[in-house]
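Per this note's numbering, the sequence shown starts with residue 4, numbered consecutively. Glycine is no exception: its CB is placed at the ideal position from the N, C-alpha and C atoms. See structure below.
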Amino acid sequence: MGKRKLAILIAILGLLLLSVFVGWMYQARPYKEVFAVKIDGELIGYVEEPGMIEKEINFIENELHNKGYPKINMKENVQTTPERKKDAELFDSQELRSILEDKLTFNAKATAIIIDGKEIMAVQNQAAARSVLEVLKDRYSTQDTQKVSFKEEISYSDRQFSVKLIRTKLEAANYLLDLQRSVSYDVKKGDTIWSIANKNSLSEKDIINVNPSINPELIKPGERIILPGKKALTVITTEKNSSKEKVPFKTESQWNSSMPYGKTKVVRNGSPGLKQVVYEVTFYNGIKAKTNKLSEKIIEEPVNRIIEKGSQRQVSRSGRFIRPTTGPISSYFGPRWGTTHRGIDYAAPYGQAAKASASGTVIYAGWAKGYGQVVYIQHRNGLTTRYAHLSKVAVSSGQQVAGGQVIGQVGATGNATGPNLHFEVRKNGIPQNPLNYL
Numbered sequence: 004m005g006k007r008k009l010a011i012l013i014a015i016l017g018l019l020l021l022s023v024f025v026g027w028m029y030q031a032r033p034y035k036e037v038f039a040v041k042i043d044g045e046l047i048g049y050v051e052e053p054g055m056i057e058k059e060i061n062f063i064e065n066e067l068h069n070k071g072y073p074k075i076n077m078k079e080n081v082q083t084t085p086e087r088k089k090d091a092e093l094f095d096s097q098e099l100r101s102i103l104e105d106k107l108t109f110n111a112k113a114t115a116i117i118i119d120g121k122e123i124m125a126v127q128n129q130a131a132a133r134s135v136l137e138v139l140k141d142r143y144s145t146q147d148t149q150k151v152s153f154k155e156e157i158s159y160s161d162r163q164f165s166v167k168l169i170r171t172k173l174e175a176a177n178y179l180l181d182l183q184r185s186v187s188y189d190v191k192k193g194d195t196i197w198s199i200a201n202k203n204s205l206s207e208k209d210i211i212n213v214n215p216s217i218n219p220e221l222i223k224p225g226e227r228i229i230l231p232g233k234k235a236l237t238v239i240t241t242e243k244n245s246s247k248e249k250v251p252f253k254t255e256s257q258w259n260s261s262m263p264y265g266k267t268k269v270v271r272n273g274s275p276g277l278k279q280v281v282y283e284v285t286f287y288n289g290i291k292a293k294t295n296k297l298s299e300k301i302i303e304e305p306v307n308r309i310i311e312k313g314s315q316r317q318v319s320r321s322g323r324f325i326r327p328t329t330g331p332i333s334s335y336f337g338p339r340w341g342t343t344h345r346g347i348d349y350a351a352p353y354g355q356a357a358k359a360s361a362s363g364t365v366i367y368a369g370w371a372k373g374y375g376q377v378v379y380i381q382h383r384n385g386l387t388t389r390y391a392h393l394s395k396v397a398v399s400s401g402q403q404v405a406g407g408q409v410i411g412q413v414g415a416t417g418n419a420t421g422p423n424l425h426f427e428v429r430k431n432g433i434p435q436n437p438l439n440y441l
């Protein structure tokens, strides 16, 4: 055997002997007594001394006493049992305390805040609960606030809670304020008020109330709206507001027998008065909900406007005109619907006789745009009369007619909303108020 092969063989034998020796030393190490820690029967680890458990639990409970929990109850059962272990990994004090704080449930008496029958949170006591709710009231109160209350029914219940679930006053107040807090939202393509409300667990009314300037039927991509908070409570505040408001004046009419019928004249201009009005305004979470008038006091009386109306009837040289049909007048001569109404309308039943208002010559009988079936009659002194919306025409062009002669029947042809007789008087082609001639 060569020298080189011999050297390799000796090296391999040396390594094998070393491995056997290390293994023997590991197996020969002494057993050590440790204590297994179990919570409700579940092994969580090992400690060197059983007294470490009691010490760390006492430390945790003392910290809770200092935070205002005089009586603490531990829910779980902690046990230690001795065991002999060669290589158990042991908890030190800090590790053990951290494990116990995480695994154990420490219960204490606390107060639940209940809103409309639903338990919202727990705080240390009822005084803390009331203090938290006062924070929410203060958020929506101003120097003008008269009263503040909650819309929902609030109650309290004292019972045992895990201290992990009991909030400090600051934590509880911030939680409620976060629920109330509004956020902005940029409208996206395809969004509607309904879809936005549905995605955010809100109602359409909730969104519209905090966005009074938007058109809920037409929101556009890129438009920014406000989404109200998912409020747990509705804070109702009321304020008293006082304002000075105008008192409208009235118009008084007087008849003047020396003035032609249909003419008017302003005898005295009116001027509004002034009153002091006190309102009670109610807000829900800062948003105006309703306004009630409490009182009003007249500071300055209004001055009424006085007009004179003419009552003198005019008669044409060809004789007095007569009513072309019977029935109430449903629309008068003058401005109407942004235009000028050139005659008067008689509300009369379909088929009722329409008569010539005075003697004359029929200059047109037939259809005219807007008028439907119509008759035009020429009288003396440049006067003509027109009878429109007829259902039937009983005369023809060129025919002589007498006053009171039937010339057709009431209808609803042309631009008519229902059966009526449209009657016009024109002088030299210019529309006149028919009431001045009847």
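Assumed close pair residue i, residue j - CB separation to whole angstroms, cut-off 8 Å
i, j, result
"glutamine 279", "lysine 249", "No, glutamine 279 and lysine 249 are not in contact; Cβ-Cβ is about 12 Å, not under 8 Å."
"isoleucine 102", "isoleucine 63", "Between isoleucine 63 and isoleucine 102 the Cβ distance is about 11 Å, and since that is not below 8 Å, they are no contact."
"aspartate 105", "glutamate 79", "So it is not a contact: roughly 12 Å between Cβ atoms."
"lysine 3", "glycine 385", "Outside the shown range of the chain, which is 4 to 441, sits residue 3, and nothing can be said about it."
"lysine 167", "serine 134", "Incorrect: roughly 21 Å between the Cβ atoms, too far for contact."
"isoleucine 118", "isoleucine 157", "6 Å"
"asparagine 307", "glutamate 255", "5 Å"
"glycine 330", "alanine 351", "4 Å"
"lysine 395", "glycine 411", "5 Å"
"valine 37", "alanine 91", "5 Å"
"glutamate 51", "leucine 99", "Contact flag wrong, Cβ pair sits at about 10 Å."
"tyrosine 143", "phenylalanine 286", "7 Å"
Exposed unless 16 or more other CB atoms sit within 10 angstroms - verdict on residue i
i, result
"isoleucine 380", "buried"
"leucine 18", "exposed"
"threonine 294", "exposed"
"tyrosine 374", "buried"
"glutamine 376", "buried"
"threonine 267", "exposed"
"serine 96", "exposed"
"aspartate 209", "buried"
"proline 85", "exposed"
"threonine 145", "exposed"
Straight-line Cα distance separating residue j from residue i
i, j, result
"valine 318", "isoleucine 309", "With a pLDDT of 46 at valine 318, under the threshold of 50, the modelled position of that residue is not reliable, and the figure given next carries that caveat. Using only the alpha carbons, I get a separation of about 28 Å."
"leucine 441", "lysine 223", "59 Å"
"leucine 277", "serine 245", "13 Å"
"alanine 132", "isoleucine 60", "29 Å"
"tyrosine 34", "lysine 89", "5 Å"
"valine 428", "proline 437", "5 Å"
"leucine 424", "threonine 416", "10 Å"
"asparagine 439", "alanine 357", "20 Å"
"isoleucine 217", "isoleucine 211", "8 Å"
"arginine 323", "glycine 432", "20 Å"
"threonine 240", "isoleucine 290", "10 Å"
"glutamine 129", "glutamate 45", "37 Å"
"glutamine 127", "methionine 77", "17 Å"
"serine 274", "proline 251", "8 Å"
"serine 362", "glutamate 304", "54 Å"
"leucine 182", "threonine 83", "45 Å"
"phenylalanine 426", "serine 298", "50 Å"
"alanine 397", "glutamate 220", "53 Å"
"serine 334", "glutamate 207", "43 Å"
"alanine 125", "glycine 54", "34 Å"
"glutamine 257", "valine 269", "10 Å"
"aspartate 115", "tyrosine 178", "According to the sequence displayed, residue 115 carries alanine and not aspartate. Their backbone Cα atoms lie some 14 Å apart in a straight line."
"glycine 407", "arginine 271", "42 Å"
"glutamate 66", "arginine 170", "16 Å"
"phenylalanine 164", "lysine 74", "12 Å"
"arginine 184", "proline 231", "7 Å"
"phenylalanine 1", "asparagine 288", "As shown, the chain starts at 4 and ends at 441. That puts residue 1 outside it, with no answer to give."
"tyrosine 353", "glycine 414", "5 Å"
"glycine 180", "histidine 68", "The amino acid at residue 180 is misidentified as glycine; the sequence shows leucine. If I take the Cα positions, the gap works out to 28 Å."
"glycine 193", "alanine 200", "13 Å"
Residues bridged to residue i [DSSP beta-bridge criterion]
i, result
"glutamine 97", "Answer is none; glutamine 97 lacks a bridge partner."
"threonine 145", "DSSP output for threonine 145 lists no bridge partner at all."
"valine 378", "Ala368, Tyr390"
"serine 298", "Val281"
"threonine 329", "Partner(s): none; threonine 329 has no beta bridge."
"alanine 39", "Tyr49, Thr84"
"lysine 121", "Ile118"
"histidine 344", "Gly337"
"tryptophan 258", "Lys312"
"isoleucine 75", "Ala111"
"asparagine 423", "Gly414"
Interface flag, residue i vs chain B, CB-CB below 9 Å
i, result
"lysine 58", "Reference to chain B is not applicable here, since this structure consists of a single protein chain."
Can you confirm whether the stretch 400–410 touches the stretch 357–367 when touching is taken to mean that 3 or more C-beta pairs between the two stretches lie within less than 8 Å? In short, these stretches touch, since the Cβ pair count reaches three.
Three Cβ pairs or more, each shorter than 8 Å: is that satisfied between the stretch 145–152 and the stretch 107–115? Here the stretch 145–152 does not lie against the stretch 107–115, with fewer than 3 beta-carbon pairs under 8 Å apart.
Specify whether the stretch 382–400 and the stretch 340–358 touch according to this definition: at least 3 beta carbon pairs, one from each stretch, less than 8 Å apart. Contact between the stretch 382–400 and the stretch 340–358 is established, with three or more Cβ pairs separated by less than 8 Å.
Should the stretch 183–191 be called in touch with the stretch 225–243, which here means at least 3 C-beta pairs below 8 Å? With a cut-off of 8 Å, the stretch 225–243 and the stretch 183–191 count as touching, because enough Cβ pairs lie within range.
Check whether the stretch 234–241 and the stretch 137–145 are in contact - that is, three or more C-beta pairs closer than 8 Å. Between the stretch 234–241 and the stretch 137–145, the count of C-beta pairs closer than 8 Å reaches three or more; the two stretches touch.
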